[in-house]
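By UniProt numbering, the letter at position 177 of the sequence shown is numbered 177, and the numbering carries on one by one without gaps.
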Amino acid sequence: MSAPRADRPDGPLGPDDPGFRYAEPVDPWATSEAADPAAPGAPAFGAEMPQTPATTPPWSPGMPWSPGMPERGRSRRIGLRWIIGAAAVLVLAVSATLVVIFWPGRGAPDFRPVEEAARFVPAVPISYGFSAAGVAGDRAYFATADDDGRLGVLAVDLESAEKAWENPAVATAPRWSAMVALPDQVVVISERDPSTDRRLMVVLDAASGDRLWRRPITESDDVSYFGSDVAVLVDRAEDRLLGLDPRRGTVRWEKDSPVSDSGSATTAVIPVTTARDLDGPTDVTGRLLAPASSKDARIVQIGADRSARVLDARTGNVLTGPRPSIADPRDEAIAYDGRLLVRSDAEAERILSYDLDTLGEPKVLYTAPGEHRIGRLTACGAGRVCWVETDGYDTSTAQVAAVDATDGGGLWHLGLPDATTLVPVGSAVLATTGGTPTQVSLIDDRGRAAWTLRGQAGRVDAHDLLRFTAPVSGSPGDPGISGRHVGDDEVPLGVLSGVRTSTCAWNAAFLACVADEDAVLYRFAG
Numbered sequence: 001m002s003a004p005r006a007d008r009p010d011g012p013l014g015p016d017d018p019g020f021r022y023a024e025p026v027d028p029w030a031t032s033e034a035a036d037p038a039a040p041g042a043p044a045f046g047a048e049m050p051q052t053p054a055t056t057p058p059w060s061p062g063m064p065w066s067p068g069m070p071e072r073g074r075s076r077r078i079g080l081r082w083i084i085g086a087a088a089v090l091v092l093a094v095s096a097t098l099v100v101i102f103w104p105g106r107g108a109p110d111f112r113p114v115e116e117a118a119r120f121v122p123a124v125p126i127s128y129g130f131s132a133a134g135v136a137g138d139r140a141y142f143a144t145a146d147d148d149g150r151l152g153v154l155a156v157d158l159e160s161a162e163k164a165w166e167n168p169a170v171a172t173a174p175r176w177s178a179m180v181a182l183p184d185q186v187v188v189i190s191e192r193d194p195s196t197d198r199r200l201m202v203v204l205d206a207a208s209g210d211r212l213w214r215r216p217i218t219e220s221d222d223v224s225y226f227g228s229d230v231a232v233l234v235d236r237a238e239d240r241l242l243g244l245d246p247r248r249g250t251v252r253w254e255k256d257s258p259v260s261d262s263g264s265a266t267t268a269v270i271p272v273t274t275a276r277d278l279d280g281p282t283d284v285t286g287r288l289l290a291p292a293s294s295k296d297a298r299i300v301q302i303g304a305d306r307s308a309r310v311l312d313a314r315t316g317n318v319l320t321g322p323r324p325s326i327a328d329p330r331d332e333a334i335a336y337d338g339r340l341l342v343r344s345d346a347e348a349e350r351i352l353s354y355d356l357d358t359l360g361e362p363k364v365l366y367t368a369p370g371e372h373r374i375g376r377l378t379a380c381g382a383g384r385v386c387w388v389e390t391d392g393y394d395t396s397t398a399q400v401a402a403v404d405a406t407d408g409g410g411l412w413h414l415g416l417p418d419a420t421t422l423v424p425v426g427s428a429v430l431a432t433t434g435g436t437p438t439q440v441s442l443i444d445d446r447g448r449a450a451w452t453l454r455g456q457a458g459r460v461d462a463h464d465l466l467r468f469t470a471p472v473s474g475s476p477g478d479p480g481i482s483g484r485h486v487g488d489d490e491v492p493l494g495v496l497s498g499v500r501t502s503t504c505a506w507n508a509a510f511l512a513c514v515a516d517e518d519a520v521l522y523r524f525a526g
């Protein structure tokens with residue numbers, strides 16, 4: 001029998017509704033913040049990190065990725081997964097991670113009415129095709145493509161709100177799919193060209209906009225890790241892993257993928273994240289919007305022979321394993337906080353935990369009852385994993401659940417019909433539900449819904465979030481936005497003007513979006 005479900009709000013709650021606030025603050029510092037909101041001495045934020053897997057298919061979690069605006073009238077398939085692994089200084093974790101240390105007395109960000117800092121003419125005129133924004137370091141980046149597939153990128157300095165550089169001729173492709181903004185590079189990826197059956201990956205110098213290198217890749221290739229020292233490409237055409245120099249694109253190391261008895265070399269590569277990787281900004285799907293700084297440069301490879309091995313992404317050296325009979329490459333899995341967490345459906349659906357240092361015998365964290373199905377595995381706080389559970393394929397029975405990732409303790413379930421996306425915010429988790437209207441709920445670390453509101457929300461940092469009052473869209477609109485420190489009241493910030501919210505990216509103070517005909521930079525804090 002499944003654990004009892006916590007009470008669920010019947011509908012959207014407003015600021016004056018008694019159920020809108022936490023009975024007790026979700027974050028442990030809220031009490032001291034209330035007592036001394038201006039208390040000094042809190043350390044500064046570190047780097048931002050990516051989110052966890054399964055929240056943003058088809059890209060692997062952890063790495064900052066700007067999906068951009070899909071072409072109208074066409075469905076877009078993005079097969080390339082970006083995970084910027086935790087590197088010593090930077091991690092694209094779609095897959096990497098960073099954590100800010102909060103101390104008692106640290107106040108919420110200085111949210112203020114949203115202010116339009118500047119609008120810019122994009123490097124290439126905006127068309128019905130691809131457009132995206134990204135924020136990394138002290139710059140915002142805007143990528144746009146015209147009707148002929150010519151892609152341009154514009155870089156803007158955040159503080160001065162002035163153009164840093166523009167490259168109106170990055171490359172040309174039938175269609176484009178993604179932009180990734182990193183401290184030292186800006187990466188753009190095209191969709192598959194039917195004439196060549198290849199995609200194009202182009203890497204620009206973030207300082208100047210000059211093209212560093214380009215590489216054709218297949219539709220199924222993944223960039224599973226992008227650090228300051230190496231980028232790991234999962235080459236599925238040649239059944240191998242390649243460690244590439246991030247500045248030159250040259251091969252530093254190469255490893256063949258494991259092969260099954262039938263000759264298959266299907267593989268999955270998962271970046272290792274830590275609790276520090278849950279603090280950077282994410283969009284409403286949990287996709288990391290800025291690179292993270294994580295010191296864990298490991299990746300886990302699951303082979304077609306169901307083996308798993310742990311590698312050093314910088315050198316390609318095998319650190320642990322391979323161990324047989326762990327998972328199929330298609331099984332949902334995340335590598336988090338020193339453990340490999342796998343959804344197994346060999347018998348009943350279960351969540352298994354393996355120590356990454358040994359890959360020894362697994363710990364069974366949870367076994368789902370009856371015909372229940374587990375999905376959306378998401379790291380959601382120090383040493384904890386969350387997921388969405390349904391009775392069969394009936395999404396109306398969805399529950400959000402969590403358990404301790406080490407010993408299986410602290411299990412809770414919260415009934416949340418049609419839950420589709422989980423985004424960790426400190427020890428709490430944002431859950432978005434489909435249907436009409438789209439709603440977002442904040443669930444605390446004991447499985448209680450603190451509030452439920454219309455729209456969608458993304459993470460700003462470990463304790464703060466931004467909420468759009470309407471679902472994000474690729475069409476220009478005028479949505480309202482608000483800021484919120486977990487445990488505090490919502491702060492209305494104002495209305496955005498004519499922006500395509502599906503292109504927006506942000507950090508702790510700035511919001512960058514592509515609008516109908518131009519690019520716009522807003523300031524909402526600081």
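Backbone N, C-alpha and C fix where the C-beta goes; we use that ideal spot for every residue, glycine too.
query: When you compare the CB positions of V491 and H463, do they come within less than 9 Å of one another, or not?; result: no
query: Give the DSSP-derived three-state secondary structure of D193 in the structure shown.; result: strand
query: Going by C-alpha to C-alpha distance, which of P324, R523, P476, D245 sits closest to Y128?; result: P476
query: Cβ of L466 within 9 Å of Cβ of I481?; result: yes
query: Let me check understanding here. Comparing Cα to Cα, which of E116, E159, W165, G134 lies closest to A123?; result: W165
query: Can you list, in chain order, the residues of its chain whose CB lies under 6 Å from that of P322, leaving out five sequence neighbours each side?; result: S307, R309
query: Determine the direct distance from the alpha carbon of A171 to that of G149, and round the result to whole angstroms.; result: 8 Å
query: Note the first and the last residue of the continuous beta strand (DSSP E) segment covering F226.; result: 222-226
query: Given a cut-off of 9 Å, decide if T452 and V460 are closer than it, judged by their beta-carbon atoms.; result: no
query: I think V400 touches A419, with their Cβ atoms under 8 Å apart; what is that distance to the nearest whole Å?; result: 6 Å
query: Between the beta-carbon of V234 and the beta-carbon of V223, is there less than 9 Å?; result: yes
query: For the candidate residues C386, A505, L151, A525, whose alpha-carbon lies nearest to that of G483?; result: A525
query: DSSP on R74, reduced to helix/strand/coil?; result: Below a pLDDT of 50, predicted positions are generally treated as unreliable, and R74, at 38, falls in that range; the measurement from the model is reported next regardless. Correct three-state label for R74: coil.
query: Is the Cβ-Cβ distance between G286 and P168 less than 9 Å?; result: no
query: Is it buried or exposed, Y393, if we count other Cβ atoms within 10 angstroms and call 16 or more buried?; result: exposed
query: Quick check on A346: does DSSP put it in helix, strand or coil?; result: coil
query: What do you reckon, is the C-beta of T397 under 8 Å from a heavy atom of the ligand PLP?; result: Here there are no bound small molecules, and the ligand PLP is not part of this structure.
query: Leaving out five residues on either side along the sequence, give the residues of the same chain with a beta carbon under 6 Å from the beta carbon of P125.; result: D146
query: Would DSSP call R236 helix, strand or coil?; result: coil
query: Which residues share a DSSP beta bridge with K163?; result: V156
query: On the premise that W213 lies in contact with G249, defined as a C-beta separation below 8 Å, what is that separation, rounded to the nearest angstrom?; result: 3 Å
query: Need the endpoints of the beta strand (DSSP E) that S177 sits in, please.; result: 176-181
query: Can you round the beta-carbon distance between A402 and P417 to whole angstroms, since I take them to be within the 8 Å contact cut?; result: Actually they are not in contact, since the Cβ atoms of A402 and P417 sit about 18 Å apart, beyond 8 Å.
query: First and last residue of the beta strand (DSSP E) that includes L319?; result: 318-323
query: Please identify the residue among A327, D355, E115, T273 whose C-alpha is closest to the C-alpha of residue 529.; result: Outside the displayed range of the chain (1 to 526) lies residue 529, so it cannot be described from this structure.
query: For G435, collect the residues of the same chain with a Cβ closer than 6 Å to its Cβ; drop the 5 residues on either side in sequence, then sort them by chain order.; result: D418
query: Do A405 and A368 have their C-beta atoms within less than 9 Å of each other?; result: no
query: Express the C-alpha separation of P109 and A508 in angstroms, rounding to a whole number.; result: 8 Å
query: Would you call the CB atoms of W253 and T320 closer than 9 Å?; result: no
query: For V429, which residues in the same chain have their Cβ closer than 6 Å to its Cβ, ignoring the five residues on either side in sequence?; result: C380, C386, L422, I443
query: Should D197 be labelled buried (16 or more other beta-carbon atoms within 10 Å of its own) or exposed?; result: exposed
query: Take the Cβ of A348 as the centre, count every other Cβ of all protein chains shown within 10 Å, and call the residue buried at 16 or more, exposed below.; result: exposed
query: Using 9 Å as the threshold, is the C-beta distance between V156 and A140 below it?; result: yes
query: Does the distance from the C-beta atom of residue 527 to that of V284 stay below 9 Å?; result: Past the edges of the chain, shown from 1 to 526, lies residue 527, and the structure says nothing about it.
query: The beta strand (DSSP E) with L511 in it runs from where to where?; result: 510-515
query: My output table needs one value for D277: the three-state DSSP class, helix, strand or coil.; result: helix
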